[in-house]
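Colleague: Just so it is clear: in the sequence shown, position 13 is 13 by the working numbering, and no numbers are missing.
Note that beta-carbon positions come from the ideal geometry of N, C-alpha and C, so glycine has one too.
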Amino acid sequence: MSAPSSDNFSAFASLNRYFALIETSKPTRQQAEDAAALLCRVYGAESEEDLLLRGNPELIDIYQEMKGKILKAAM
Numbered sequence: 001m002s003a004p005s006s007d008n009f010s011a012f013a014s015l016n017r018y019f020a021l022i023e024t025s026k027p028t029r030q031q032a033e034d035a036a037a038l039l040c041r042v043y044g045a046e047s048e049e050d051l052l053l054r055g056n057p058e059l060i061d062i063y064q065e066m067k068g069k070i071l072k073a074a075m
């Protein structure tokens, strides 16, 4: 089930704030994990599992690449 578009926009705005944060400071591991969860919501998925079950290889590749960047910033 897709998330409402206002939820997608809210997730996008929060994710944008996360990327602004990593330009000036190192995020905590929890902030990175929260941002990764937001990334799923941007794609209209409830969770990573939901996103992966959709079976769209291109979407999954982009998601995994972005998630890697998000988590790497907290290392």
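What do you get for K67, buried or exposed, if any count of 16 or more other CB atoms within 10 angstroms of its CB means buried?
Modeller: When all chains shown are included, K67 counts as buried.
Colleague: Using 8 Å for Cβ pairs, my map puts N8 next to R41. What's the rounded Cβ distance?
Modeller: Going by Cβ atoms, the distance from N8 to R41 rounds to 6 Å, so yes, they are a contact pair.
Colleague: I want to know whether the stretch 32-40 touches the stretch 11-22 - three or more CB-CB distances under 8 Å.
Modeller: Yes, the stretch 32-40 touches the stretch 11-22.
Colleague: If you run the structure through DSSP and keep just helix, strand and coil, what is M1?
Modeller: The pLDDT assigned to M1 is 44, lower than 50, so where the model puts this residue is not dependable; a value taken from the coordinates is nonetheless given after this. In this structure, M1 counts as coil in the three-state DSSP scheme.
Colleague: For P27, does the three-state DSSP call read helix, strand or coil?
Modeller: In the structure shown, P27 sits in coil (DSSP, three-state: anything other than H, G, I, E or B).
Colleague: Using three-state DSSP, classify Y43 as helix, strand or coil.
Modeller: Coil at Y43, not helix or strand.
Colleague: L52 and I60 look like a contact to me (Cβ under 8 Å); what is the Cβ gap, rounded to whole Å?
Modeller: Sure, about 6 Å apart at Cβ, within 8 Å.
Colleague: Starting from G68 and walking both ways along the alpha helix (DSSP H), at which residues does that stretch end?
Modeller: Residues P57 to K72.
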